[in-house]
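**Q** What follows is a single structure, and I will ask about it in a moment.
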Amino acid sequence: MDSSKVLQAILEKLDGLERAQQAANSRLDKLENGQQAANSRLDGLETKIDGLETKIDGLEKGQKATNGRLDKIEGRLSNLEEDSKITRNGVNTLLDWAERAQVQVQIPLFKKNGD
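So for the sequence shown, the numbering used here puts the first residue at 1466; every next one is plus one.
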């Protein structure tokens, strides 16, 4: 084989390798473009997640405030319940005393139903 044929064969193989390299480069470019698009979408998702986290933080603060108010209301209701028990006990004591007193003084203190 003469040197020109060898050089021609080498050149053909190099051309084939170059075309294969160009095809591989083209595929890599497409992959890089796809990666960039995916990264862009991920950035958008991260932004949305940050917004959601901010909203959740606000909701949690509001919930804490609501819980504090409910705790105060529960305390006040507990006090009202205790006060109503004391009042009921006092009223019952007064009613017992009034019933005993009306017998002693022989003056009806209560109007009876039906009279």
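Glycine included, each C-beta is placed from N, C-alpha and C at the ideal position.
Can you tell me the Cα-Cα spacing of Leu1559 and Ile1538, whole angstroms?
**A** When rounded, the distance between both Cα atoms is 31 angstroms.
**Q** Just to confirm the assignment, what range does the alpha helix (DSSP H) spanning Asp1494 have?
**A** It spans 1468-1570 - the alpha helix (DSSP H) in which Asp1494 sits, taken as one unbroken run.
**Q** Straight-line CA distance for Gly1481 to Leu1496?
**A** Roughly 23 angstroms separates the two Cα atoms.
**Q** Rounding to the nearest angstrom, what Cα-Cα distance links Ser1543 and Val1556 in this structure?
**A** Cα-Cα distance, rounded: 20 angstroms.
**Q** Would you report the Cα separation of Glu1518 and Ala1489, rounded to the nearest angstrom?
**A** Roughly 42 angstroms between the two C-alpha positions.
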